[in-house]
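Note that the protein sequences, when read in sequence, are chains A and B. So the first sequence is numbered by my numbering: it starts at 31 and just counts up by one. So the second sequence is numbered by my numbering: it starts at 314 and just counts up by one. Cβ coordinates follow ideal geometry from the N, Cα and C atoms, glycine included. None of the values given here were measured: they were computed from a predicted structure.
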Amino acid sequence: MIKHLFCSGLAMLGMVSAVAGAAETPASLMARYAATAGVPVSALSATRGAALYRTEHSGRNAQAVSCASCHTDNPKQAGRTRVGKRIEPLAPSANPERFTDAAKVEKWFRRNCTDVLQRECSAQEKGDFVAWLSQIK
Amino acid sequence: MNYLLRGIGVLATVGTISLLAFSLPSGEARGDGGGDVLPRLTHKNWQQECASCHIAYAPSMLPKASWRRMMGGLDKHFGENASLDPATQADILKFLEANAADAAPSKMGRRVMQGMGAKDAPLRITETRWFVRKHDEVPRATWSRKSVGSAANCAACHRQAEQGVFDEDAVRIPK
C-alpha cells in the first residue's frame, strides 16, 4: 500500500513537472515523443527531422513555406518573424534554452506545424525534429 | 517572397487609407509635438506571449471590442496560428480590456477613440484613424523597405517601442 502510494506520488510529480514545463532536455523530450509514438528512441531519425525542417509546403495564399522560411536555412542562426522580430536560434548548440520547456515546445509545434503543414505534427515527427536539431554541433 | 507580398499588401492598405485621411477634414493639427511615452505596463503573460512574434502592442491602442475579437481568433491571427491555452488567453484578454483605449482614461486612449464608431472593432492598429494621421508624412516606399518590413514593425523606427517610447524626436527611420 505504502509502495503503491509512493509510486503514484512519483507519477503525479512527473505529471506536474511535465505540465509546469519544468526542466527538460532534448534527450528527455525525444524519449517522451518516442514513447508516445510507440517506437524506441533509436527509431527517431535525424535525416527525417532535417527533411521535415526543409521541405516546402503550399501554405496560405499558395506560397511555399517551410520551417526554414522564418528560422533560416541554418538553425544555428537567428531567424525573423514575419513582422521582423528576431527568433533565437533553434539548435541547442547555439541556444541552450531550446527544448528545455515541454509546454513551450508543444505550443510552438502546435502553432507552426499547423501553419506550415496545415495539420499538427505526429509524435514521431516531433521526435525526429528534436533528434536532428540536437545532434547539430 | 512572402515578406515582399505581405509588404506590398500592407503598403497598399496604408497608402489607400493615408490618401483617404488626407481628403478628410482633420480636427487636429499635425506634428503635435513629442512626448509620446506610454505608461509602463507589466503583465507577465501579455509580455511573454504577445511579444514572442512582435512587440507587445499597448492595450490603449485599440478598444475593448477589438481585443475581444483579437483574442477570440488567435488560431487565425493575421494568417498565423497564435493559439494559446484557454487560461492564458483569458488572463491576457482581461488585462487588455482593463487597459484598452476605451477603458481607463488615458491620453493615448482618447486619441485612438477619436472618430472611432461605437461599434468599431478594428484588428489592425495601423488602420485606426489615429495611426494613419500620425504617419501620414511617411512616404509609401519607406514602409516596404527590407529594414522595416511592414507597418506592424514599430521598433524599426521607434527604436524604444518595446519600452513604450514613441516620442517623435526619437524616431530614426532605417535606410
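In the same chain as LEU397/B, and ignoring 5 residues on each side of it, the C-beta atoms closer than 8 Å to its own belong to GLU362, LEU387 and ILE405, in chain order. As the crow flies, the alpha-carbon of LEU436/B is around 26 Å from that of ARG149/A. Looking from the CA of PRO487/B, the closest CA among MET384/B, GLU475/B, CYS470/B and ALA417/B belongs to CYS470/B. The shortest CA-to-CA distance from PRO372/B to any of GLY428/B, THR441/B, VAL478/B and ALA414/B is the one to ALA414/B. At a beta-carbon threshold of 7 Å, the residues of chain B lying near GLY114/A are GLY462, ASN466 and ALA469, ordered along the chain. In the three-state reduction of the DSSP assignment, ILE117/A falls in the strand class. The contact set of HIS356/B on chain A, defined by CB atoms closer than 9 Å, is empty, because the minimum CB distance reaches about 18 Å. For GLY428/B, the closest C-alpha among the options LEU375/B, TYR370/B, LYS357/B and PRO352/B is that of LEU375/B. Looking at the backbone, the Cα of TYR63/A and that of ARG84/A are separated by about 21 Å. In this structure, the alpha-carbon of ALA468/B lies about 27 Å from that of VAL135/A. ARG353/B counts as exposed, since fewer than 16 other beta carbons sit within 10 angstroms of its beta carbon.
For the region 421-445 of chain B, the set of positions with a beta-carbon nearer than 8 Å to some beta-carbon of chain A is empty.
For TRP162/A and LEU82/A, the gap between their C-alpha atoms comes out near 10 Å. A check of alpha carbon separations from ARG382/B across LEU409/B, VAL478/B and MET421/B identifies LEU409/B as the nearest. Annotated as proximal: GLU393/B and ARG112/A, with beta-carbon spacing under 9 Å. Within the region 358-384 of chain B, the residues whose Cβ lies closer than 7 Å to any Cβ of chain A are, in chain order, CYS366 and HIS367. Between MET426/B and LEU351/B, the gap from beta carbon to beta carbon reaches 9 Å or more. Going by beta carbons, ASP349/B and VAL461/B fall outside the 9 Å limit.
Close partners of ASP145/A in chain B (Cβ separation under 9 Å): GLY392, GLU393 and ASN394. Look at LYS137/A: its C-beta is under 9 Å from a C-beta on chain B. Scanning chain B for C-beta atoms nearer than 8 Å to the C-beta of ARG149/A yields nothing, as the closest lies near 11 Å away. In this structure, the alpha-carbon of VAL451/B lies about 48 Å from that of ALA76/A.
In the same chain as ALA80/A, and ignoring 5 residues on each side of it, the C-beta atoms closer than 7 Å to its own belong to TRP162, in chain order. DSSP places ARG110/A within a strand segment (E or B) once states are collapsed to three. By the CB criterion at 9 Å, SER365/B and LYS156/A fall outside the cutoff.
THR441/B and VAL71/A have their C-alpha atoms roughly 52 Å apart. Taking 9 Å as the CB threshold, ASP398/B lines the interface with chain A.
Residue burial is scored here from C-beta neighbours: LYS389/B has fewer than 16 other C-beta atoms within 10 angstroms and is therefore classed as exposed.
Residues of the same chain with their beta carbon placed closer than 6 Å to that of LYS407/B are lacking, with the five preceding and five following residues left out of the count.
Of the other Cβ atoms in all chains shown, 16 or more fall within 10 Å of the Cβ of TRP359/B; this residue is therefore buried. Bounds of any alpha helix (DSSP H) do not take in SER457/B, whose DSSP letter is neither H nor E. Nearest Cα to ALA416/B within the set SER379/B, HIS356/B, GLU481/B and THR355/B: SER379/B.
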